[in-house]
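Residue numbers (full-length UniProt numbering): 1 to 341. In this text, a Cβ means the ideal position worked out from N, Cα and C, and glycines have one as well.
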């Protein structure tokens with residue numbers, strides 16, 4: 001078997017992370033590299049982040065050891081801080097956000113100090129965004145910023161859905177805030193679609209959002225807009241919903257990157273969001289496109305009733321640096337030469 005140029009040790013804890021790793025591998029291959037992926041086995045669910053991430057890190061180490069023995073790679077790239085924490089050999093580290101930023105207090109009691117040592121010793125850091133790099137501990141290795149590619153998912157469709165949100169992680173994504181805002185903003189005949197969460201779990205979040213949300217929004221009374229929960233759906237169906245939605249609304253408590261928001265902009269949605277903490281790559285784009293739509297009030301009505309002319313075209317231009325062709329240039333011209341000199 002030919003020796004690999006790059007071995008990606010993929011944590012792959014979510015579908016989004018797995019897709020991001022596949023995208024990076026494909027981009028490296030287009031640049032001429034021989035790439036292998038070591039996939040980490042999912043551990044059982046544990047009660048704390050610290051314990052769960054130790055289990056993930058141990059499994060990532062096992063996957064790396066086996067793949068290094070099999071492929072003898074010229075370079076190893078750990079995809080996520082957790083994958084790198086117990087890595088058996090030095091390697092580049094790719095991450096959306098460091099533990100220094102998203103694991104405060106007891107949640108990162110062992111991860112943060114180990115991460116600091118790893119970031120200092122790594123030959124290269126490969127953050128998804130400038131914001132992710134800014135959160136990284138210092139001293140640290142040099143860096144090449146490589147976004148996750150975002151492309152329009154298809155031709156524009158009729159915008160027959162008033163608003164869409166993604167609720168697969170409702171606490172993190174602030175679904176209660178979104179539902180409360182829709183209770184204030186939604187009107188009869190308008191629908192908010194919540195993707196990634198079923199109706200049973202969604203009912204609990206309607207109650208959490210307050211009486212107005214559970215009534216007018218939940219469809220049990222009142223005159224406001226309605227809510228529809230799709231549950232988990234295939235990715236192509238989700239992107240089809242984006243193409244039909246006029247507004248994408250979200251209120252994350254913290255945003256490590258925000259791929260859903262970037263995809264929404266790529267598919268022609270107006271982005272209504274709060275100014276969440278974290279790297280949040282789409283936030284500066286949202287401010288530039290229409291600052292009225294950024295804030296804790298989540299002014300969906302302004303987006304629906306008074307959209308800025310040309311928003312979709314300007315959004316497409318704003319996400320162009322995240323397109324596959326732009327990312328391929330960064331990978332070929334900046335990343336691969338640093339990984340495999």
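Residue i versus residue j: straight-line alpha-carbon distance, rounded
i	j	result
residue 260	residue 246	15 Å
residue 253	residue 2	46 Å
residue 222	residue 317	Here the model assigns residue 222 a pLDDT of 42, short of 50, so the residue's position is not dependable and the matter cannot be decided.
residue 172	residue 139	30 Å
residue 341	residue 257	29 Å
residue 182	residue 163	9 Å
residue 226	residue 189	8 Å
residue 267	residue 193	16 Å
residue 249	residue 272	5 Å
residue 244	residue 147	26 Å
residue 207	residue 175	11 Å
residue 98	residue 114	11 Å
residue 178	residue 131	24 Å
residue 279	residue 62	30 Å
residue 231	residue 72	42 Å
residue 150	residue 45	30 Å
residue 201	residue 15	20 Å
residue 264	residue 242	6 Å
residue 282	residue 288	10 Å
residue 103	residue 135	11 Å
residue 331	residue 204	44 Å
residue 274	residue 310	22 Å
residue 68	residue 169	34 Å
residue 374	residue 70	One cannot answer for residue 374 here, as it falls past the ends of the chain, which runs 1 to 341.
residue 21	residue 95	11 Å
DSSP bridge partner residues for residue i (one or two, in chain order)
i	result
residue 8	37, 77
residue 166	195
residue 273	250, 294
residue 125	93, 143
residue 228	193
residue 161	245
Residue i at chain B interface by Cβ criterion, 8 Å
i	result
residue 102	Checking the listed chains, one finds no chain B in this structure; it contains a single protein chain.
Residue i - containing alpha helix (DSSP H), residue span
i	result
residue 237	235-244
residue 300	300-305
residue 251	Unbroken run through residue 251: none, as it is neither H nor E.
residue 114	111-121
residue 27	15-30
residue 71	49-71
residue 263	259-266
residue 325	324-330
residue 176	175-185
residue 337	336-339
residue 289	283-289
residue 86	No alpha helix (DSSP H) holds residue 86; DSSP gives it neither H nor E.
residue 132	130-135
residue 314	311-318
residue 101	99-102
Exposure label - residue i; buried when at least 16 CB within 10 Å
i	result
residue 37	buried
residue 109	exposed
residue 82	buried
residue 233	exposed
residue 321	exposed
residue 117	exposed
residue 111	buried
residue 165	buried
residue 32	exposed
residue 327	buried
residue 185	buried
residue 89	exposed
residue 220	Confidence in residue 220 is poor, its pLDDT being 37 and thus under 50, which makes the residue's placement too unreliable to answer from.
residue 196	buried
residue 142	exposed
residue 284	exposed
residue 101	buried
residue 319	buried
residue 160	exposed
Distance cut-off 7 Å: residue i Cβ against heavy atoms of the ligand COA
i	result
residue 198	Judged by which ligands are present, the structure shown has none, so any question about the ligand COA falls away.
Would you check if the segment 24-42 and the segment 100-108 touch, i.e. whether three or more CB-CB distances between them fall below 8 Å?
-> no
Taking three-plus beta-carbon pairs below 8 Å as touching, is the segment 279-295 in contact with the segment 329-340?
-> no
Are the segment 112-127 and the segment 193-212 in contact at 8 Å, needing three or more beta carbon pairs?
-> no
Are the segment 43-50 and the segment 64-82 touching by the rule of at least three beta carbon pairs closer than 8 Å?
-> no
With contact counted as at least three CB pairs below 8 Å, one residue from each stretch, are the segment 83-91 and the segment 5-14 in contact?
-> yes
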